[in-house]
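Quick notes on the structure that follows.
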Amino acid sequence: MSAAEILVPTKFISQMIQLIITCVIYQSQYENLLNFPNDQLAASSLQAGVTLSVIFLVVEMIILTTGWTMNFEKTMLTQIILHSLGSVILTWFILDSWDYSFIWAVFSLFCLLPLLLECITIANAILFRRSIIRSKS
């Protein structure tokens, strides 16, 4: 059994769990806005952070289905750890009714960073593929 056979389903599951928990924040956002009941900026900020998180997670799942990064085990393991930690912290965010502004730190560390790693890995894969094609010519 190769590492990709274990890591790809694990990455998919960790991304899906984080996506589901992120969607739950839409339903529980009232608790995170208790200190700011009339502040439209707070509600907009929370919704923007959650929306960007959902978009980035969906983009990363689409990239996963293309298979470009299946052979990069260290990067994939790092992303699995980040998504798993993101799921735990988002659950904590919901259960403890954290302040809405923490969503941006969670977004940066557990949605933006894994997507950037994915994009860098794809760029490296494309460059590697081009170098192989050039060496064959």
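In the working numbering, each number is its position in the sequence shown, counted from 1, plus 633.
All residues carry an ideal CB built from backbone N, CA and C; glycine is no exception.
Residue burial classification, P642 (beta-carbon count within 10 angstroms, cutoff 16):
By the 10 Å Cβ count, P642 comes out exposed.
Using the Cα positions of T708 and I696, report the straight-line distance between them to the nearest angstrom.
The alpha-carbon separation between T708 and I696 amounts to approximately 14 Å.
What residue range does the alpha helix (DSSP H) around F761 cover?
That run of the alpha helix (DSSP H) goes 746 to 769.
With a threshold of 16 other CB atoms inside 10 Å of the CB of L719, please say whether the residue is buried or exposed.
Per the sequence shown, the amino acid found at residue 719 is Gly instead of Leu. Buried, because 16 or more other Cβ atoms sit within 10 Å of the Cβ of G719.
In the structure shown, what three-state DSSP assignment does S730 receive?
In this structure, S730 counts as coil in the three-state DSSP scheme.
Hey, could you find the ends of the alpha helix (DSSP H) F705 is sitting in?
Looking at the DSSP string, F705 is not in any alpha helix (DSSP H), and its letter there is neither H nor E.
Closest residue to L652 among M703, L685, G700 (Cα-Cα distance):
L685
Taking T655 as the reference, which of S677, L760, N757, F689 has the closest Cα?
F689
How many Å lie between F765 and I755 at the Cα?
Residue identity check: residue 765 is Ile in the sequence provided, not Phe. Looking at the two C-alpha atoms, the distance is approximately 15 Å.
May I ask which residues mark the beginning and end of the alpha helix (DSSP H) holding S635?
Here S635 belongs to no alpha helix (DSSP H), and DSSP marks it neither H nor E.
In whole angstroms, give me the CA-to-CA distance for D732 and Q680.
13 Å
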